[in-house]
Amino acid sequence: MRKRRKILTVSTAVVAAATLPLLISPVVSAAAREDDDDSSRTARLYAPPPDRDSYRQVARLAWRGDFRDSAGLLAMVRTPQAVWYGDESPERVEALVRRTTRSADMQGRLPVLALYNIPGRDCGSYSSGGADGLAAYEAWIDAVAEGIGDREVLIVLEPDSLSLLPSDCADESNADQTAAEQQPTAEQPAEQQPTAEQPAEQQPTAGQQTAVEQPPTDLPPLPDPGASTSPPAASAAQDAAQSPDAQSPDAQAADPRLPASEDPAPKPAEAQEPSGLEPSASQTPAPEPSAEQPGTLPELPPLPTPDPVTPDAEDVGDLDTPVVEDPETAARYSEINYAVDALTALGNTSVYLDAGHAGWHSVSSIVPRLIKAGIDRATGFALNVSHYQTDPDSAWYGRLISSCLAYADEGGDPEDCADQSWSRRHARRWLHAHVPDDPGRMKHFVTDTSRNGQGPWAPRAGAHLDAQSWCNPPARGLGRRPTTRTGDALLDAALWVKTPGESDGRCLRGTDGPLDPVRGTVNPDAGEWFPEQALELVRYAEPSVEVFRRTHGR
Numbered sequence: 134m135r136k137r138r139k140i141l142t143v144s145t146a147v148v149a150a151a152t153l154p155l156l157i158s159p160v161v162s163a164a165a166r167e168d169d170d171d172s173s174r175t176a177r178l179y180a181p182p183p184d185r186d187s188y189r190q191v192a193r194l195a196w197r198g199d200f201r202d203s204a205g206l207l208a209m210v211r212t213p214q215a216v217w218y219g220d221e222s223p224e225r226v227e228a229l230v231r232r233t234t235r236s237a238d239m240q241g242r243l244p245v246l247a248l249y250n251i252p253g254r255d256c257g258s259y260s261s262g263g264a265d266g267l268a269a270y271e272a273w274i275d276a277v278a279e280g281i282g283d284r285e286v287l288i289v290l291e292p293d294s295l296s297l298l299p300s301d302c303a304d305e306s307n308a309d310q311t312a313a314e315q316q317p318t319a320e321q322p323a324e325q326q327p328t329a330e331q332p333a334e335q336q337p338t339a340g341q342q343t344a345v346e347q348p349p350t351d352l353p354p355l356p357d358p359g360a361s362t363s364p365p366a367a368s369a370a371q372d373a374a375q376s377p378d379a380q381s382p383d384a385q386a387a388d389p390r391l392p393a394s395e396d397p398a399p400k401p402a403e404a405q406e407p408s409g410l411e412p413s414a415s416q417t418p419a420p421e422p423s424a425e426q427p428g429t430l431p432e433l434p435p436l437p438t439p440d441p442v443t444p445d446a447e448d449v450g451d452l453d454t455p456v457v458e459d460p461e462t463a464a465r466y467s468e469i470n471y472a473v474d475a476l477t478a479l480g481n482t483s484v485y486l487d488a489g490h491a492g493w494h495s496v497s498s499i500v501p502r503l504i505k506a507g508i509d510r511a512t513g514f515a516l517n518v519s520h521y522q523t524d525p526d527s528a529w530y531g532r533l534i535s536s537c538l539a540y541a542d543e544g545g546d547p548e549d550c551a552d553q554s555w556s557r558r559h560a561r562r563w564l565h566a567h568v569p570d571d572p573g574r575m576k577h578f579v580t581d582t583s584r585n586g587q588g589p590w591a592p593r594a595g596a597h598l599d600a601q602s603w604c605n606p607p608a609r610g611l612g613r614r615p616t617t618r619t620g621d622a623l624l625d626a627a628l629w630v631k632t633p634g635e636s637d638g639r640c641l642r643g644t645d646g647p648l649d650p651v652r653g654t655v656n657p658d659a660g661e662w663f664p665e666q667a668l669e670l671v672r673y674a675e676p677s678v679e680v681f682r683r684t685h686g687r
């Protein structure tokens with residue numbers, strides 16, 4: 134009797150595993166429903182072959198009789214998503230890219246490629262690696278271009294490469310990436326606490342911060358539309374401190390767009406630094422009072438007229454670009470520019486540059502980086518790669534960045550642009566005054582919705598030295614299914630860029646490890662399959678994953 138039951142159980146599991154694709158066919162159809170639209174406005178996206186470890190998990194779940202989770206997981210891995218390339222040799226990556234793009238072309242679908250081989254990526258953290266210098270990177274990009282040829286491709290170029298520059302690595306570790314993700318303290322009210330994040334590992338590490346900036350309670354004054362965009366006369370040191378790349382968390386807190394009540398108190402007159410146009414005390418010493426006329430001072434000779442002082446470019450930097458303070462950052466911009474030119478020259482390739490996410494950089498910080506990296510020649514920019522920001526937050530942030538790029542292209546200063554920290558009412562007034570009416574004159578963007586169904590993770594305050602809220606956060610879910618039919622004139626596509634189910638790395642959260650203190654397990658290395666997280670993404674998906682066909686009328 135026991136032997137008969139065992140044979141029946143095994144047979145059931147085998148049959149279930151074999152027929153699982155048929156069982157979940159309506160799920161896959163639902164996941165790709167928008168992509169199968171035949172209208173000229175919608176491209177059908179390519180679904181690459183799933184990871185072998187994901188199929189093993191599907192089979193194990195079916196063997197145990199957990200058909201719902203098994204079917205949901207299979208639907209997830211068969212949904213269109215990006216194919217990641219990085220660390221391969223030029224010869225190898227050319228062959229792989231050619232195989233992927235040919236397969237997609239034969240199916241009449243648009244492949245999404247995530248290129249992740251920038252030298253010094255992820256500041257040497259979980260997803261460290263990349264090409265060995267500029268020349269090696271250029272050879273690698275050339276190989277990718279050869280593999281693509283004249284086929285149509287959408288490329289997300291080097292996640293985290295601009296939101297996490299080499300100059301950022303010197304000041305912030307991967308565990309404490311930006312002021313936006315600092316943990317609340319007992320002395321600081323929750324509504325004033327900046328939240329931080331870091332780039333997500335990944336396959337990459339991309340977009341890994343989670344922070345929601347609170348809008349100012351008072352509206353800062355709107356910039357005068359007719360005012361000059363030239364910088365006010367100031368010392369070189371002051372200008373350098375105001376450059377986007379040189380801003381520290383403290384400097385950002387003193388943003389002139391914030392209410393006056395939040396700005397630091399001005400220095401007393403005697404403590405303020407003299408203007409660069411004023412002669413120093415050593416140049417015109419004050420004469421001593423006359424001994425014969427103790428009550429009067431002799432008439433001072435007229436002060437010499439100083440020569441006009443122009444701050445050095447290395448101190449101030451170009452208004453449209455961040456200050457480059459080290460050769461590694463200068464090389465980073467050269468690498469991205471080279472990739473933009475090489476890939477866009479193919480003719481049928483759309484290239485989107487890294488712009489982090491809404492909880493990381495301010496608009497005035499990321500826009501100069503995009504300009505310096507060649508956004509004018511790229512298709513647009515990518516948001517929320519490997520992160521968890523909600524669709525509305527990403528769409529709003531993308532609109533502000535696109536608007537600021539258009540404003541800067543007309544000679545405006547990015548420092549004057551509307552920011553995600555502004556109130557919506559105030560930002561819309563700025564947009565109405567400065568943004569073109571034609572979306573065709575503005576840069577478009579794409580967003581990663583692979584894991585944002587439940588939004589960013591909010592760790593318990595003070596639970597760990599470093600929450601690493603970007604790193605395998607618990608109870609996150611799949612987000613909007615990939616589509617190029619977005620309903621937003623500036624949003625070209627909602628994509629699954631980060632491969633759902635792959636680990637962000639061994640998240641230690643400020644502890645000695647090896648366990649992740651939040652999950653109580655040792656997380657897989659970055660890019661490896663994470664079965665527990667994969668199931669969470671299916672179970673907490675929003676919109677939910679439908680596993681069984683529903684009969685009409687019920």
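Here the sequence shown stands for residues 134 to 687, where the numbers follow the working numbering. Here a beta-carbon is modelled for each residue, glycine too, at the ideal position from N, C-alpha and C.
How should residue i be labelled, buried or exposed, when 16 other C-beta atoms within 10 angstroms of its C-beta is the threshold for buried?
i              : result
glycine 612    : buried
glycine 219    : buried
valine 710     : This structure does not reach residue 710, given that the chain is present from 134 up to 687, and the question cannot be answered.
methionine 239 : exposed
proline 441    : No answer about proline 441 holds up, because its pLDDT of 40 lies below 50 and its placement is not dependable.
arginine 561   : exposed
valine 671     : buried
proline 647    : exposed
glycine 543    : The question names glycine, but residue 543 is glutamate in the sequence shown. Label assigned to glutamate 543: exposed.
arginine 502   : buried
arginine 532   : buried
glycine 660    : buried
histidine 565  : exposed
threonine 619  : buried
glycine 450    : Residue placement at glycine 450 cannot be trusted, given a pLDDT of 38 that sits under 50; what the coordinates show is reported in the next sentence. Looking at its Cβ environment, which holds 16 or more other Cβ atoms inside 10 Å, glycine 450 is buried.
glutamate 227  : buried
arginine 609   : buried
aspartate 649  : buried
Kindly list the residues whose CB is nearer than 6 Å to the CB of residue i, restricted to its own chain and excluding five residues on each side of it in sequence; keep chain order.
i              : result
tryptophan 629 : Gln214, Ser583, Pro615
serine 495     : Asp552
tryptophan 590 : Ser602, Pro606
alanine 96     : Outside the modelled stretch of the chain, which goes from 134 to 687, sits residue 96, for which no answer is possible.
Using a Cβ-Cβ cut-off of 7 Å (strictly less than) and excluding sequence neighbours within five positions of residue i, which residues of its own chain qualify?
i             : result
threonine 482 : Ile281, Val286, Ile288, Leu476
proline 657   : Ser636, Phe663
arginine 510  : Val473, Asp474, Thr477
alanine 539   : Val568, Pro569, Arg574, Met575
serine 677    : none
glycine 253   : Gly263, Pro299, Glu461
tyrosine 471  : Glu271, Ile274
Using CA atoms only, rank isn't needed, just tell me which of the options is closest to residue i.
i              : options                        : result
proline 633    : Val568, Asp542, Tyr521         : Tyr521
glutamate 669  : Arg193, Asp199, Leu206, Ala195 : Leu206
alanine 464    : Tyr259, Asp265, Met209, Gly492 : Asp265
glutamate 468  : Gly531, Ser203, Ser294         : Ser294
glycine 638    : Thr619, Tyr466, Pro606, Leu624 : Pro606
threonine 512  : Ser535, Asp526, His490         : Ser535
glycine 588    : Ala626, Ala674, Ser554, Ala276 : Ala674
glycine 257    : Leu267, Val230, Leu297         : Leu297
glycine 545    : Trp563, Tyr530, Ala528, Arg558 : Trp563
glutamate 221  : Gly198, Ala276, Ser203, Thr234 : Ala276
isoleucine 508 : Leu229, Gly492, Tyr530, Cys537 : Cys537
arginine 593   : Arg642, Gly586, Phe200         : Arg642
aspartate 549  : Gly241, Gln666, Ser497         : Ser497
leucine 290    : Lys631, Val651, Ala208         : Lys631
Could you give the C-beta distance for residue i and residue j, rounded to a whole number, given that I count them as a contact under 8 Å?
i            : j              : result
proline 547  : alanine 622    : No, proline 547 and alanine 622 are not in contact; Cβ-Cβ is about 22 Å, not under 8 Å.
tyrosine 249 : tryptophan 273 : Wrong, their Cβ atoms sit about 11 Å apart, outside the cutoff.
valine 579   : alanine 515    : 5 Å
alanine 541  : isoleucine 499 : Going by Cβ atoms, the distance from alanine 541 to isoleucine 499 rounds to 12 Å, so no, they are not a contact pair.
valine 518   : proline 181    : The Cβ separation is near 17 Å, so there is no contact.
alanine 278  : leucine 479    : 6 Å
leucine 194  : serine 187     : 11 Å between Cβ atoms; not a contact.
With a threshold of 8 Å on Cβ separation, who are the neighbours of residue i within its own chain once the five nearest residues in sequence on each side are excluded?
i             : result
aspartate 524 : Thr580, Thr582, Asn585, Gly612, Arg613, Ala627
aspartate 283 : Leu479, Gly480, Asn481
Ignoring anything shorter than 4 residues or poking outside the stretch 602–628, list the alpha helix (DSSP H) runs there in chain order.
none
In chain order, each alpha helix (DSSP H) run of at least 4 residues that lies wholly inside the stretch 193–262:
200–210, 223–240
Could you name each continuous alpha helix (DSSP H) segment of 4 residues or more that falls completely within the stretch 535–584, going from the start of the chain to the end?
557–567
Which ranges does the alpha helix (DSSP H) cover as unbroken runs of at least 4 residues, wholly within the stretch 481–542, from first to last along the chain?
496–505, 524–542
Could you pull out every unbroken beta strand (DSSP E) segment of at least 3 residues lying fully inside the stretch 270–309, listed in chain order?
286–290
Uninterrupted alpha helix (DSSP H) stretches inside the stretch 625–683 (no shorter than 4 residues):
664–672
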